[in-house]
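Asker: Attaching a single structure in structure tokens format; questions to follow.
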Amino acid sequence: MLESGKNVKKENIIINIDRSTNNFNYYGEKVLKNTENKLLEERLQLKKKYEKCFKVISPFQKYPIPIFLNHKPKIVGWCLIYEDEKGLGTEGIVTNKKVKRRISQGRLKGFSITGIAKITQCSICNSKFTECNHIPGKVYNNKECVNKVIEADFVEASIVKEPVNPQCLINMEL
1 MLESGKNVKK ENIIINIDRS TNNFNYYGEK VLKNTENKLL EERLQLKKKY
51 EKCFKVISPF QKYPIPIFLN HKPKIVGWCL IYEDEKGLGT EGIVTNKKVK
101 RRISQGRLKG FSITGIAKIT QCSICNSKFT ECNHIPGKVY NNKECVNKVI
151 EADFVEASIV KEPVNPQCLI NMEL
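If you use UniProt numbering, the sequence shown corresponds to residues 1 to 174, in order.
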């Protein structure tokens, strides 16, 4: 629980922190005040690059979703993301020759899908995850808490060197 001058409203999880003295990046590392504007500009540039990519229409009607390399805003292929009895799956075409070569050499092995969770559920109490007090990864009565994604909108897919989920491997047919 946050204390000492911090404004915390538990019901809606509103947290106001004085940013004039404590600035941190996404990794929790302290950021010097004079670098904050530079980081903001870099984020805005990245956002513009992604917006440009998402305006591109796929040349493959069957594969409407762009494939990126390492979640960077450069399209290297197109895919379809689907769900079946085994879980999430993808099917698509890699159009970038360098990326195809790196996959065939085993230098790029995995796939990573980015999505926005619309409905999630707590594995402990089965309520909406945002409405319970359980903490993911913590064990309650010998059961680990997991935030189960029930419904999501898929945003993009990326080919990556090492996927977070070791089962998300590329099976490329040449």
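Beta carbons are placed, not taken as given, at the ideal position from N, Cα and C, and that holds for glycine.
What does the alpha-carbon distance come out to for the pair W78 and Q61?
Answerer: If you take the alpha carbons of W78 and Q61, they lie about 10 Å apart.
Asker: Sort out for me which residues DSSP pairs S158 with in a bridge.
Answerer: F68, S112
Asker: If the criterion is Cβ atoms closer than 8 Å, does the pair residue 177 and K109 meet it?
Answerer: No information on residue 177 is available, as it lies outside the stretch 1 to 174 that the chain covers here.
Asker: From K161 to K143, what does the alpha carbon distance come to, in whole angstroms?
Answerer: 32 Å
Asker: Taking all protein chains shown into account, do 16 or more other C-beta atoms lie within 10 angstroms of the C-beta of Y82, making it buried, or fewer, making it exposed?
Answerer: Exposed: under 16 other Cβ atoms inside 10 Å.
Asker: DSSP state of Y63, grouped into three classes?
Answerer: coil
Asker: Give the straight-line distance between the Cα atoms of I150 and A117, rounded to the nearest whole angstrom.
Answerer: In this model, I150 and A117 are separated by some 8 Å (Cα to Cα).
Asker: How long is the line joining the alpha carbons of K97 and Q121, rounded to whole angstroms?
Answerer: 41 Å
Asker: Taking all protein chains shown into account, do 16 or more other C-beta atoms lie within 10 angstroms of the C-beta of G137, making it buried, or fewer, making it exposed?
Answerer: exposed
Asker: Among residues of its own chain, excluding the 5 on either side of V56, which ones have a beta-carbon nearer than 8 Å to its beta-carbon?
Answerer: P66, I75
Asker: If you follow the beta strand (DSSP E) that V94 is in, where does it begin and where does it stop?
Answerer: 87–94
Asker: Ordered along the chain, which non-local residues of its own chain (more than five positions away) have a Cβ less than 8 Å from that of A157?
Answerer: I65, P66, I67, F68, C79, I81, T90, G92, F111, S112, I113, T114
Asker: Let's test the definition: count the other Cβ atoms within 10 Å of the Cβ of V99 and tell me whether it reaches 16, buried, or not, exposed.
Answerer: V99 is buried by the Cβ-count criterion.
Asker: Label Y140 either buried or exposed according to how many other C-beta atoms from any shown protein chain fall within 10 Å of its C-beta, with 16 as the threshold for buried.
Answerer: exposed
Asker: Pick from Q45, P59, P166: whose alpha carbon is nearest that of K72?
Answerer: Its Cα nearest to that of K72, the residue Q45 stands out among Q45, P59, P166.
Asker: I'd like to know whether the C-beta atoms of C145 and I159 end up nearer to each other than 8 Å.
Answerer: no
Asker: Return helix, strand or coil for V99, following the three-state DSSP convention.
Answerer: helix
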